[in-house]
Every structure is written in C-alpha cells, then in structure tokens.
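Okay, structure first, notes after.
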Amino acid sequence: MSNSQREQAAALPIVVLISGNGSNLQAIIDAVQRDRLPVQIRAVISNRSNAYGLKRAHTAGIPTAVVDHQAFSSRAEYEASLQELIDLYAPALVVLAGYMRILGDAFVNHYQGRMLNIHPSLLPAFPGLNTHQRALDAAVTEHGASIHFVTNELDGGPVVVQAAVPLFADDDAETVAQRVRIQEHIIYPLAIRWIAEGRLTTRGDQVLFDQQPLRQPIQYPPTLTTC
Ligand code: GAR
Numbered sequence: 017m018s019n020s021q022r023e024q025a026a027a028l029p030i031v032v033l034i035s036g037n038g039s040n041l042q043a044i045i046d047a048v049q050r051d052r053l054p055v056q057i058r059a060v061i062s063n064r065s066n067a068y069g070l071k072r073a074h075t076a077g078i079p080t081a082v083v084d085h086q087a088f089s090s091r092a093e094y095e096a097s098l099q100e101l102i103d104l105y106a107p108a109l110v111v112l113a114g115y116m117r118i119l120g121d122a123f124v125n126h127y128q129g130r131m132l133n134i135h136p137s138l139l140p141a142f143p144g145l146n147t148h149q150r151a152l153d154a155a156v157t158e159h160g161a162s163i164h165f166v167t168n169e170l171d172g173g174p175v176v177v178q179a180a181v182p183l184f185a186d187d188d189a190e191t192v193a194q195r196v197r198i199q200e201h202i203i204y205p206l207a208i209r210w211i212a213e214g215r216l217t218t219r220g221d222q223v224l225f226d227q228q229p230l231r232q233p234i235q236y237p238p239t240l241t242t243c
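For this note's numbering, add 16 to where a residue sits in the sequence shown, where the first one is 1.
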C-alpha cells in the first residue's frame with residue numbers, strides 16, 4: 017500500500033451539509049489539504065442550489081448535490097430523501113456547516129452520535145437565529161461559537177468545544193460575526209480531527225474525550241495553568 021493509499025484508508029468518511037456561503041466547509045477543506053486532517057469529504061449536499069459553498073466544493077473536486085426542501089410536500093419526505101442520499105456515501109460523520117434547516121426526530125435519531133453542528137454562540141446561551149444581535153442586545157461581554165453533537169433538542173446537544181470572543185462597545189452584528197467566524201474556522205476542523213483520531217467518541221448519550229466522560233465543553237484556546 018502506498019502512503020497516500022494508507023492515508024485514504026485511515027481517513028474518516030464525512031458528508032457535509034450546507035445552506036449558504038460555506039466558509040466553515042472551506043476551513044475543513046483547507047484543513048484536509050494543508051494540515052492533513054485525516055478526513056475524506058465524500059460529498060457536500062445543500063438544500064439551496066445557489067449556495068456558494070457548492071462552488072467551493074466543486075473547486076476542491078468534491079462531489080456535490082442539491083436536495084431542495086421546497087421540492088417536497090412534507091419535511092418527512094424531504095428528510096427521507098436527504099437521508100437516502102447521505103447514506104449512499106456511507107459517512108461515519110455528518111457535518112452540519114451552516115445548514116439552516118431544523119431537522120426532525122427520525123433524521124436526528126438515525127445519525128445519533130455521528131452528526132455535529134456548529135452554532136454561533138456560547139451554548140446554552142442564544143440557541144436559534146440572530147445570535148450576534150441578541151448577544152449585543154443582551155450586553156454580554158463574551159460571545160462565541162460552539163460545536164455540538166446534534167440531538168432532538170434544537171441547539172441543545174452536548175457541546176464538545178467552544179471558543180469565546182470579547183464584545184466591544186462599538187460592535188455591530190457584522191463585526192461580531194467576523195470575529196466569531198475566525199474562531200469557528202479553527203474549532204470545527206479541531207473537533208472533526210478529534211473524532212477522526214478516535215479521541216472524541218460517544219457512548220449512548222455520553223460524550224467521551226480520551227475515554228473519559230466530557231463533563232464540560234473544551235474551551236479553545238486552552239487556558240494555560242501554572243503550578
Ligand atoms: C456560521 O456562522 C454557523 O455558525 C452558522 O451559520 C454560519 C454559516 O457560515 N450556523 C447556524 O447558525 C446554525 N444554526 P458558513 O456558511 O460561511 O460556514
């Protein structure tokens with residue numbers, strides 16, 4: 017077996033779901049190409065045909081597909097069709113990267129313990145939409161992004177890793193989004209790497225990191241402790 021064949025064999029197969037720009041998808045692609053993230057992105061699937069992330073995938077030579085939710089008469093039919101397509105690629109992990117649809121129980125249960133989402137807040141604060149504006153309105157001093165396993169509770173699954181950013185008096189939602197996005201592009205590839213390397217696993221409802229129950233989200237960057 018050649019080196020590249022060996023790497024391919026060890027790579028974690030993933031499918032990435034997007035709805036829009038795909039900058040987090042790009043961060044994952046870059047991590048595979050630049051930082052040897054041991055992942056094989058088997059497909060990128062969007063619910064919107066005009067999602068810019070599809071172009072990013074195409075440029076990287078990754079198969080793409082569109083499953084347009086508007087073409088189905090019910091959410092159940094849409095999700096059954098999406099699931100069927102995803103499963104053709106036999107991913108070990110489904111990565112929601114700016115995928116802006118709420119998912120039903122059957123779909124979520126099917127991928128239990130093998131579906132990650134990125135959310136632009138320090139969960140459990142600000143689940144749902146417009147998180148940056150809501151953080152500004154609430155006058156919190158710290159905001160950020162979270163990577164979590166997807167469960168039936170919207171943005172409520174166990175958080176694996178979080179990155180915090182400060183908020184400043186002259187911020188608006190766009191400046192905050194830019195600051196948070198820089199962190200998102202670090203922590204999403206990081207969490208996926210942990211899964212690919214077998215460090216991050218699940219056992220039933222429990223998340224394990226290095227075989228130990230993960231009781232608190234990992235904070236990025238890690239705080240340095242001195243003794
Ligand atoms: C990201 O900020 C992600 O946290 C957010 O959508 C953006 C997608 O950006 N996800 C959610 O709000 C999920 N509820 P991208 O398309 O450039 O990766």
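Heads up, the beta-carbon is just placed ideally off N, CA and C, and yes, glycines get one too.
Residue closest to residue i, alpha-carbon to alpha-carbon, out of the options
{"i": "ARG130", "options": "PRO238, ALA106, ILE118", "result": "ALA106"}
{"i": "ILE78", "options": "TYR204, ILE208, GLN56", "result": "GLN56"}
{"i": "SER65", "options": "GLY144, GLY38, VAL177", "result": "GLY38"}
{"i": "ASN63", "options": "GLU213, GLU169, LEU101, HIS164", "result": "LEU101"}
{"i": "HIS201", "options": "PHE225, ALA179, LEU119, ILE30", "result": "ALA179"}
{"i": "PHE184", "options": "PRO174, VAL175, VAL176, ARG195", "result": "ARG195"}
{"i": "LYS71", "options": "PRO54, ARG50, GLY36", "result": "GLY36"}
{"i": "THR157", "options": "GLN199, ASP171, PRO182", "result": "PRO182"}
{"i": "ALA141", "options": "ALA47, PHE225, ASP171, ASP121", "result": "ASP171"}
{"i": "PRO233", "options": "GLY214, ALA212, GLU213, ILE203", "result": "ILE203"}
{"i": "LEU138", "options": "GLN235, LEU33, ARG50", "result": "GLN235"}
{"i": "ALA108", "options": "VAL31, ASP221, ALA122, GLN199", "result": "VAL31"}
{"i": "GLN49", "options": "ILE61, THR75, ASP121", "result": "THR75"}
Expected contact under 8 Å - CB spacing of residue i and residue j to nearest Å
{"i": "PRO238", "j": "ALA43", "result": "Between ALA43 and PRO238 the Cβ distance is about 19 Å, and since that is not below 8 Å, they are no contact."}
Sequence-distant residues of the same chain with beta carbon closer than 8 Å to residue i, five excluded per side
{"i": "ALA193", "result": "PRO136, HIS148"}
Contacting residues, own chain, Cβ-Cβ under 6 Å from residue i (five flanking each side not counted)
{"i": "ALA207", "result": "ILE163, VAL176, VAL177"}
Other residues of its chain near residue i: CB distance less than 7 Å, five sequence neighbours each side excluded
{"i": "ASN133", "result": "LEU112, HIS164, VAL166"}
Practice task
Decide if the stretch 186–199 is in contact with the stretch 85–105; the criterion is three or more beta carbon pairs, one per stretch, under 8 Å apart.
Solution key: no
Practice task
Take every Cβ of the stretch 90–97, pair it with every Cβ of the stretch 145–157, and state whether three or more of those distances are shorter than 8 Å.
Solution key: Cβ pair count under 8 Å is below three, so no.
Exercise for the section: Spell out a yes or no on whether the stretch 112–132 and the stretch 149–162 are touching, meaning 3 or more CB-CB pairs, one atom from each, closer than 8 Å. Expected result: no
Exercise for the section: Go through the stretch 88–170 residue by residue and report every complete run of the beta strand (DSSP E) that reaches 3 residues or more, in order. Expected result: 109–112, 131–135, 158–165
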